[in-house]
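Q:
Number of protein chains: 2
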Amino acid sequence: MKVDDKNLRPIWLDTDLKAVKVIDQRRLPHEFVIADLKNVDDIIMAIKEMYVRGAPLIGVTAAYGVYLAALNSPVKTIEDDYLKEECSRLKSARPTAVNLAWAVDKVLFEVLKVEKPKKKIDTARTQAEKIAEAEAENCRKIGEHGLVLVDEISRRKKGKTVNLLTHCNAGWLACIEYGTATAPIYAAYEKGIDVHVWVDETRPLNQGSRLTAWELGRHGIKHTIITDNAGGHLMQHGMVDIVIVGTDRATCTGDVANKIGTYLKALAARDNNIPFYVALPSSTFDWNLKDGIKEIPIEERDPDEIRYVQGLDQGITRSVLVPPASSPAANFAFDVTPARLVTGFITERGICKATEHDIKRLFPEKKSP
Amino acid sequence: MKVDDKNLRPIWLDTDLKAVKVIDQRRLPHEFVIADLKNVDDIIMAIKEMYVRGAPLIGVTAAYGVYLAALNSPVKTIEDDYLKEECSRLKSARPTAVNLAWAVDKVLFEVLKVEKPKKKIDTARTQAEKIAEAEAENCRKIGEHGLVLVDEISRRKKGKTVNLLTHCNAGWLACIEYGTATAPIYAAYEKGIDVHVWVDETRPLNQGSRLTAWELGRHGIKHTIITDNAGGHLMQHGMVDIVIVGTDRATCTGDVANKIGTYLKALAARDNNIPFYVALPSSTFDWNLKDGIKEIPIEERDPDEIRYVQGLDQGITRSVLVPPASSPAANFAFDVTPARLVTGFITERGICKATEHDIKRLFPEKKSP
Numbered sequence: 056m057k058v059d060d061k062n063l064r065p066i067w068l069d070t071d072l073k074a075v076k077v078i079d080q081r082r083l084p085h086e087f088v089i090a091d092l093k094n095v096d097d098i099i100m101a102i103k104e105m106y107v108r109g110a111p112l113i114g115v116t117a118a119y120g121v122y123l124a125a126l127n128s129p130v131k132t133i134e135d136d137y138l139k140e141e142c143s144r145l146k147s148a149r150p151t152a153v154n155l156a157w158a159v160d161k162v163l164f165e166v167l168k169v170e171k172p173k174k175k176i177d178t179a180r181t182q183a184e185k186i187a188e189a190e191a192e193n194c195r196k197i198g199e200h201g202l203v204l205v206d207e208i209s210r211r212k213k214g215k216t217v218n219l220l221t222h223c224n225a226g227w228l229a230c231i232e233y234g235t236a237t238a239p240i241y242a243a244y245e246k247g248i249d250v251h252v253w254v255d256e257t258r259p260l261n262q263g264s265r266l267t268a269w270e271l272g273r274h275g276i277k278h279t280i281i282t283d284n285a286g287g288h289l290m291q292h293g294m295v296d297i298v299i300v301g302t303d304r305a306t307c308t309g310d311v312a313n314k315i316g317t318y319l320k321a322l323a324a325r326d327n328n329i330p331f332y333v334a335l336p337s338s339t340f341d342w343n344l345k346d347g348i349k350e351i352p353i354e355e356r357d358p359d360e361i362r363y364v365q366g367l368d369q370g371i372t373r374s375v376l377v378p379p380a381s382s383p384a385a386n387f388a389f390d391v392t393p394a395r396l397v398t399g400f401i402t403e404r405g406i407c408k409a410t411e412h413d414i415k416r417l418f419p420e421k422k423s424p
Numbered sequence: 056m057k058v059d060d061k062n063l064r065p066i067w068l069d070t071d072l073k074a075v076k077v078i079d080q081r082r083l084p085h086e087f088v089i090a091d092l093k094n095v096d097d098i099i100m101a102i103k104e105m106y107v108r109g110a111p112l113i114g115v116t117a118a119y120g121v122y123l124a125a126l127n128s129p130v131k132t133i134e135d136d137y138l139k140e141e142c143s144r145l146k147s148a149r150p151t152a153v154n155l156a157w158a159v160d161k162v163l164f165e166v167l168k169v170e171k172p173k174k175k176i177d178t179a180r181t182q183a184e185k186i187a188e189a190e191a192e193n194c195r196k197i198g199e200h201g202l203v204l205v206d207e208i209s210r211r212k213k214g215k216t217v218n219l220l221t222h223c224n225a226g227w228l229a230c231i232e233y234g235t236a237t238a239p240i241y242a243a244y245e246k247g248i249d250v251h252v253w254v255d256e257t258r259p260l261n262q263g264s265r266l267t268a269w270e271l272g273r274h275g276i277k278h279t280i281i282t283d284n285a286g287g288h289l290m291q292h293g294m295v296d297i298v299i300v301g302t303d304r305a306t307c308t309g310d311v312a313n314k315i316g317t318y319l320k321a322l323a324a325r326d327n328n329i330p331f332y333v334a335l336p337s338s339t340f341d342w343n344l345k346d347g348i349k350e351i352p353i354e355e356r357d358p359d360e361i362r363y364v365q366g367l368d369q370g371i372t373r374s375v376l377v378p379p380a381s382s383p384a385a386n387f388a389f390d391v392t393p394a395r396l397v398t399g400f401i402t403e404r405g406i407c408k409a410t411e412h413d414i415k416r417l418f419p420e421k422k423s424p
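Heads up: the protein sequence lines correspond to chains A and B, in order. Each step along the first sequence adds one to the number in this note's numbering, with nothing skipped, and position 246 is 301. Each step along the second sequence adds one to the number in this note's numbering, with nothing skipped, and position 206 is 261.
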């Protein structure tokens, strides 16, 4: 996507093919830093520490991790057991996003098919690139399908501003291009529809106020940052036309794990008859799970992510301690919104209801156990 | 209440009776600063800028404002018109908490009854003190009544930890003693019931992580800070037994204005069959209003309260800018939880359902238009 008229993606392979380059998203919006990831340890650290985040991007980064594993094999023959071991390490970097395991397994599957070391390395690289391109294309299609919803609202409102609300960052920074939740917004903007986005700041790591606001602002899209507490009030007063969020893992029955707080927005949308959509590529469906609340593992992260807030003071990025030093905090990173609160899914193949029947009608080739 | 074994209130009259002393709550928890308020302008500034906050404390502070108005009258006779004008200025300091107008009118009513200037000044002072003592006593009684609810849960759980969740600060810092939402917690703690409090950080001004955590910590009560986003997840997983919040204004029909985000917690409590109680002195009921969402004015505050976060860095309190400098924010300070989501009110006279019938049965002397 465009940043100051330069085309940019959140991840790419260095020209010498030896390092993966990523935007260090922890430093945005006040610093723009590119990090070089040179081996599996770097990749795991970048996923854990959230240089990169967002389900599709985590998947692509991990896919490149398999490539770096092959490239840096300590044994020239690149043993299968070594690759499997490295893949298992990659898959355990974060627990919630299903794209991580999905992407790693996809690359590994292709690599294990070939024999020669050079071929293994090349296969890993082309597979990772293929996943990146497929995610970008999926997001483009999600935008196309989601545009229909935004366009309908715009017509109903006779061209008045369409107010969307989103939580966290499911933008191009979380994907490769367009984003998932933001793809319909970018598509509507390109089409000249008057859109305005309420951006939940998204505590604790403020991916909304730091990343989504940055993305939308750089693209010239009208937006207003609000606290995570505010969405219900806005909905009560007719200030939200539609909610669109992303997801880190959705069950084939339609339950949706996403950034903590998503469930509260879904409840408010339901209470105020506002459509609540989840935008996702099919790689984010977990075809093995049926009950999201019981089955999706919810990551608990460092409480200091809540206790300290990072921002700019006199040109310097600092972290400040908000609560009393002695007060503990608990940091659950995701919650699960049950399917009954989801109006529909926006996927690369079109829009469907959040039911197993409708999801599988759109993806008939997928099998659940 | 006790802070490091010293008895403390958030407001008191200086020994020379010329200034009102308040804890500057903007500076907590990292700095403990007492501010001297010497005239009506100081009082208005302290309310607007939130040196003091919380419905009962705003009321008491404004009541002392009437005293300072009388004390500092430019004309020795202390004209009624002057007093009325100053009271009207006091009442417009903040729009949402009904206690503000209630307390000011109560003091003014008594002052206008007397003739001599010295008597006017004395009446204003004793009335303000009376309101302060009444609020302290109300909170003590709220604690007594609310204790029954906590005790019941503790018995049902066979003595296992009772997990309460609260939003914002409705503690003694917001009142005079005990607090409203926290009064049952302090009472349960005194009785030896095992309680643990989930403290919503309460963006944007972090009254939860800064003030409630400080209060509870200094009193030795177990607590854990969570993001405002987390409550729904905790409730889904059985980690919350009861929600108790305060309110800035409740209609006689049971709608509740409270810190923005309260409505989202009420929705989650309902969705998970968790009792959701609102603790308030009767001074917080607005007997004139019937539809909270339509009628209660919701204050919109400076967006920079969202954009900047205050905390401690290397011993210095700093404000850091979180989002891009160019991104706008909107700062709605309260929302309204409809009566249908409120399990009950905990008042100084006991517990009642959130219906006009039940509220008025408890306060039969109150008249609505």
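Just so it is clear, CB atoms sit at the ideal spot from N, CA and C, and this is done for glycine as well. If you're wondering where the values come from, they're calculated on a predicted model, not measured in any experiment.
Just verifying my parser: in three-state terms, what is the DSSP assignment at R373 of chain A?
A: If DSSP states are grouped into helix, strand and coil, R373 of chain A belongs with the strands.
Q: What's the C-alpha gap between T221 of chain A and I329 of chain B?
A: 27 angstroms
Q: Is it true that the CB of A380 of chain A sits closer than 7 angstroms to the CB of A151 of chain A?
A: Contrary to the premise, residue 151 of chain A reads as Thr rather than Ala in this sequence. Taking 7 angstroms as the Cβ cut-off, T151 of chain A and A380 of chain A do not qualify as a contacting pair.
Q: Rounded to whole angstroms, what is the Cα-Cα separation between I176 of chain A and E188 of chain A?
A: 18 angstroms
Q: Determine the DSSP secondary structure at I401 of chain A, reduced to helix, strand or coil.
A: strand
Q: Hey, could you find the ends of the alpha helix (DSSP H) Y106 of chain A is sitting in?
A: Careful: Y106 of chain A lies outside any alpha helix (DSSP H) and carries neither H nor E.
Q: Let me confirm a value: S338 of chain B is counted as buried when at least 16 other C-beta atoms fall within 10 Å, else exposed. Which label applies?
A: buried
Q: Our contact map puts L202 of chain B next to K139 of chain B with C-beta atoms below 8 angstroms; I'd like the distance itself, whole angstroms only.
A: Taking C-beta atoms under 8 angstroms as the contact rule, L202 of chain B and K139 of chain B fail to qualify, at a distance of about 42 angstroms.
Q: Does E170 of chain A pass the burial test, meaning 16 or more other C-beta atoms within 10 Å, or should it be called exposed?
A: exposed
Q: Just list the beta strand (DSSP E) runs in the stretch 236-297 of chain B, keeping only unbroken ones of 3 residues or longer that don't cross its boundaries, in chain order.
A: Counting only runs of at least 3 residues, the stretch 236-297 of chain B fully encloses the following beta strand (DSSP E) elements, listed from N- to C-terminal order: 250-255 and 277-281.
Q: DSSP on A312 of chain A, reduced to helix/strand/coil?
A: strand
Q: Please confirm whether T282 of chain B and T392 of chain B have their CB atoms less than 7 angstroms apart.
A: Result no, Cβ atoms of T282 of chain B and T392 of chain B do not sit closer than 7 angstroms.
Q: Could you name the residues that DSSP lists as bridge partners for I89 of chain B?
A: B:I78
Q: Can you give, in chain order, each stretch of the beta strand (DSSP E) that sits fully within the stretch 315-365 of chain B and has at least 3 residues?
A: Taking only runs of at least 3 residues, the beta strand (DSSP E) segments lying wholly in the stretch 315-365 of chain B are 331-334.
Q: Examine chain A for any beta-carbon lying closer than 7 angstroms to the beta-carbon of P383 of chain B, and answer yes or no.
A: yes
Q: Residues bridged to I299 of chain A by DSSP?
A: Its beta-bridge partners are A:Y332.
Q: Give the residues of chain B in contact with Y318 of chain A, contact being defined as C-beta atoms less than 8 angstroms apart.
A: G287, H288, Q291 and A323
Q: Compare the C-alpha of R273 of chain A against each of A:Y241, A:W67, A:A110 and A:G109 and name the closest.
A: A:Y241
Q: Give the residues of chain B in contact with Q365 of chain A, contact being defined as C-beta atoms less than 8 angstroms apart.
A: V375 and V377
Q: Start and end of the beta strand (DSSP E) containing L68 of chain B?
A: I66 to L68
Q: Can you look up I406 of chain B in the DSSP assignment and give me helix, strand or coil?
A: strand
Q: Within a Cβ cutoff of 6 angstroms, which residues of the same chain sit near W48 of chain A, ignoring the five residues on either side of it in sequence?
A: Residue 48 of chain A lies beyond the residue range present for chain A, which begins at 56 and ends at 424; the question has no answer from this structure.
Q: Is it a yes or a no for the stretch 207-226 of chain A touching the stretch 248-263 of chain A, going by three-plus beta-carbon pairs under 8 angstroms?
A: yes
Q: Can you name the start and end residues of the beta strand (DSSP E) that A305 of chain B belongs to?
A: Here the beta strand (DSSP E) through A305 of chain B covers R304 to T306.
Q: Under a CB-based cut-off of 7 angstroms, is P352 of chain A close to chain B?
A: no
Q: Quick one: what's D390 of chain B bridged to in DSSP?
A: DSSP lists B:N313 as partners of D390 of chain B.
Q: Would H278 of chain B and L289 of chain B qualify as a contact pair, given that the criterion is a beta-carbon distance under 7 angstroms?
A: Going by C-beta atoms, H278 of chain B is not nearer than 7 angstroms to L289 of chain B.
Q: Could you check if F129 of chain B is buried or exposed, using at least 16 other CB atoms within 10 Å of its CB as the buried criterion?
A: Residue identity differs from the one stated: residue 129 of chain B is Pro in this sequence, not Phe. Classification for P129 of chain B: exposed.
Q: Check the Cβ-Cβ distances between A305 of chain A and every residue of chain B, and say whether any is below 7 angstroms.
A: no
Q: State yes or no: is the beta carbon of W67 of chain B nearer than 7 angstroms to at least one beta carbon in chain A?
A: At least 7 angstroms separates the CB of W67 of chain B from every CB of chain A.
Q: Can a CB atom of chain B be found closer than 7 angstroms to the CB of I280 of chain A?
A: yes
Q: Does any residue of chain B have a CB that is nearer than 7 angstroms to the CB of F387 of chain A?
A: yes
Q: Taking a cut of 9 angstroms between CB atoms, which residues from the stretch 242-268 of chain B lie near chain A?
A: W253, V254, D255, E256, T257, R258, P259, N261, G263, S264, R265 and A268
Q: For D460 of chain A, go through chain B and note every residue whose CB falls closer than 7 angstroms to its CB, in chain order.
A: In this structure chain A extends from 56 to 424, so residue 460 of chain A is not present and cannot be described.
Q: At a Cβ threshold of 7 angstroms, is G109 of chain B touching chain A?
A: Contact with chain A is absent for G109 of chain B, since none of that chain's Cβ atoms lies less than 7 angstroms from the residue's Cβ.
Q: Got a sec? Which residues, its chain only, sit under 6 angstroms from F418 of chain A by beta carbon, not counting five neighbours each side?
A: S337
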